[in-house]
Amino acid sequence: MKKCCKCQQEFPNRVKINGSIKILNKRKYCLECSPFGQRNTRKLHLPQRDENTKKNCPQCGKDFKWNKNNVCWTCRSFNRRKINREKGIKYLGSKCKCCKIKDIEVLTFHHIDRDNKYDNLSSLWHREWHIIQLELDKCELLCANCHMKHHRK
């Protein structure tokens, strides 16, 4: 006989349910803790956390409802946007097309054809990479000064 991981009660390896014999030798929990047919995939023997558990975000210092992530949703979104922007800069060559400046802080994305753009890149950074890449193919990398000069022509 096996022991239930949650309540430590012994339970049989075989049991008759709805007229047929069911083999329970791979179960971790007895039929009282995890009824047959309920498709329980949670680990019942581990302590369950409260839905309202709050955690402090190490990046921004704000309290947030804790789930599997260690940082709040705002910081995760900011980090993803930053990573995708840096990836986009590398994808386009990491330097201004005109003056060859490599400072990431001043590089901007210039749409070559305004009429052909799907959306602003700033609103796409949270999307999947292949969508961002389609928009980057319509752009060139310019520093802020060269970008301004280009639009003043």
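Letter 81 of the sequence shown, counting from 1, is numbered 379 in this note's numbering, and no numbers are missing.
Backbone N, C-alpha and C fix where the C-beta goes; we use that ideal spot for every residue, glycine too.
Strictly by DSSP, which residues pair up with residue i?
i, result
"N365", "For N365, which the question treats as bridged, DSSP gives no partner whatsoever."
"N354", "D361"
"T406", "L440"
"S318", "I315"
"E308", "K301"
Can you tell me whether residue i is helix, strand or coil according to DSSP?
i, result
"F334", "coil"
"R468", "Any question about residue 468 goes unanswered here, given that the chain covers just 299 to 451."
"S392", "coil"
"L329", "coil"
"N414", "helix"
"R425", "coil"
"R340", "coil"
"K400", "coil"
"N382", "helix"
"K447", "helix"
Residue i: buried (16+ other C-beta within 10 angstroms of its C-beta) or exposed?
i, result
"L432", "exposed"
"L322", "buried"
"S332", "buried"
"C302", "buried"
"C328", "buried"
"L419", "buried"
"H445", "buried"
"C397", "exposed"
"C358", "exposed"
Compare the beta carbon distance of residue i and residue j with 8 Å and say whether it is the shorter of the two.
i, j, result
"I402", "E384", "yes"
"N241", "M299", "Any property of residue 241 remains undetermined from this structure, which presents the chain solely from 299 to 451."
"H343", "K304", "yes"
"H408", "K415", "no"
"H428", "R379", "no"
"N382", "I319", "no"
Measuring from the CB of residue i, is there a heavy atom of the ligand HEM at a distance below 7 Å?
i, result
"I399", "By its list of ligands, the structure shown contains no ligand whatsoever, and the ligand HEM lies outside what it can speak to."
- request: State whether the segment 353-370 contacts the segment 400-416, with contact taken as three or more CB pairs (one from each stretch) at a distance under 8 Å.
  value: no
- prompt: Are there three or more Cβ pairs, one per stretch, closer than 8 Å when the segment 385-400 is compared with the segment 434-445?
  reply: yes
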